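Take the sequence shown: its position 45, counted from the start at 1, is 353 in the working numbering, and no numbers get skipped.
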Amino acid sequence: MHLPHVVHHCERGLAMRQIRFRFDGQPVNETDTPSQLEMEDEDTIDVFQQQTGGLI
């Protein structure tokens, strides 16, 4: 399953540019497949909302 299929099921109302995916701490690209990432059953992809700005 390609990442766009995963994104399709993420119905949070966020633009794709606001969301980051990681697997085993590494960024997941839109074209990556589970095979390329060496994923196994029950593995999970972490999803983060990009945050801009902050206090210094």
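Yeah, the Cβ is synthetic: ideal placement off N, Cα and C, and Gly gets one too.
Bear in mind the structure is a predicted one, so any value in this text is a computation, not a measurement.
query	result
Does Gln-326 come out as helix, strand or coil in the three-state DSSP assignment?	helix
Looking at the strands, I want to know which residues DSSP matches up with Gln-357.	Ile-327
Starting from Pro-335, follow its DSSP beta bridges and name the residues at the other end.	Arg-330
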